[in-house]
Amino acid sequence: MFKKPNKNAVRQKRHRRLRNYLKGTAETPRLCVYRSLENIYAQVIDDVAGKTIVAANTQQADIAEAVKGKTKVEAAGIVGEAVAKKALAAGITKVVFDRGGYLYTGRVAALADGARKAGLAIGAKEAE
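Residue numbers (this note's numbering): 76 to 203.
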């Protein structure tokens, strides 16, 4: 009998592989994305200190009001802009993008584009 693969386990394996070389520092923290069926979450993380600097998601009151009536892709763009504005306010101008094991398309790409549109520079992967 054919056994259906667990898509989330495959995604988590891909994410662990990415995290072998994606490191967020104080100068260039990591913009991490998690996407559920209904919501999308973004965090800017300093891996050296082990701290989340800023975060945004579609469940926060101000963002939830802005995404009401919009598609999931449009909501992801709004979350990207919100996290970028918070990061710029915290003095962060450049980040490393951690797509969380998801393919870079749809909501994940929209979040990154929204962050770029708001003025956050998303650079290439950081080496140790």
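A virtual CB, placed ideally from N, CA and C, is assigned to each residue, including glycine. Predicted model only: the values in this text are computed from it and were never measured.
| Query | Result |
| --- | --- |
| Burial state of residue 113 (16 or more Cβ within 10 Å) | exposed |
| Cβ of residue 93 within 8 angstroms of any chain B Cβ | The structure shown contains no chain B; it holds only a single protein chain. |
| Unbroken beta strand (DSSP E) run spanning residue 198, endpoints | 196-198 |
| Secondary structure, beta strand (DSSP E): runs of 3+ residues fully inside the segment 110-180 | 115-121, 126-132, 169-173 |
| Pair within 8 angstroms by beta-carbon distance, residue 117 and residue 154 | yes |
| C-alpha gap between residue 169 and residue 77, whole angstroms | 45 angstroms |
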